Amino acid sequence: MTKIAVVPGSFDPITMGHLDIVKRASSIFDEVKVVVMNNSSKNPLFDVDERMALIAEVTKTIPNVTVDSFAGLLIDYAVEAEANAIIRGLRAVSDFEYEMQITSMNRFLNENIETLFMVSNNQYSFLSSSIVKEVAKYQGKISGLVPEAVEKALIEKFK
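So the sequence shown is residues 1 to 159, counted in UniProt numbering.
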């Protein structure tokens, strides 16, 4: 049986923390689907296609990773993708409460798909897309926080 994991997020943009989680998941699962969730309540800097292209670029050397997008409930995507698991990254204890609520609802909706938490590497525990965008907006140093392709895209967006 093929083990398929879904790594969901807004990825606006993908950071080194996200990429670390994707790489680690790819070493455990046969297939990893990075899915850009289209959250209508957020006002993203990059549109869905741009985010997908950036993710595809930075994961192109990981053969078992694919990129997709979805606008509905994550659990519905996971069912469609025939996923066994949803992978969620945790940076700090503060993430846990929010993630636990989502996990509990997903479990209520479909108890056959597990949610697994991966704790971020310490070097990325402070990192978020929001903070990267804020620093990039004011031409601060973001190298090492995002892959090179993302850094270039952010510089271009804020010109």
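Virtual Cβ for every residue (Gly too), placed ideally from N, Cα, C.
For clarity, every value in this text was computed on a predicted model and none was experimentally measured.
Please determine, among the options, the residue with the shortest C-alpha to C-alpha distance to residue i.
i           : options           : result
residue 71  : 63, 80 and 65     : 80
residue 25  : 5, 77, 50 and 125 : 5
residue 62  : 51, 139 and 31    : 31
residue 152 : 17, 49, 36 and 57 : 57
residue 50  : 19, 23 and 11     : 11
residue 134 : 19, 7, 18 and 45  : 45
Are the CB atoms of residue i and residue j nearer to each other than 9 Å?
i           : j           : result
residue 3   : residue 28  : yes
residue 88  : residue 103 : yes
residue 110 : residue 78  : yes
Kindly indicate the opening and closing residues of the beta strand (DSSP E) around residue i.
i           : result
residue 127 : First-last for residue 127: undefined, no H or E at that position.
Measure how close the beta-carbons of residue i and residue j come, nearest whole angstrom, since I'm counting them as under 8 Å.
i           : j           : result
residue 13  : residue 145 : At roughly 10 Å, the Cβ-Cβ gap does not stay under 8 Å, so residue 13 and residue 145 are not in contact.
residue 136 : residue 142 : 5 Å
May I ask which residues mark the beginning and end of the alpha helix (DSSP H) holding residue i?
i          : result
residue 53 : 48–58
residue 78 : 74–80
residue 31 : Run containing residue 31: none in the alpha helix (DSSP H); it sits in the beta strand (DSSP E), 31–37.
What does DSSP give as the partner residues of residue i in its beta bridges?
i          : result
residue 88 : 117
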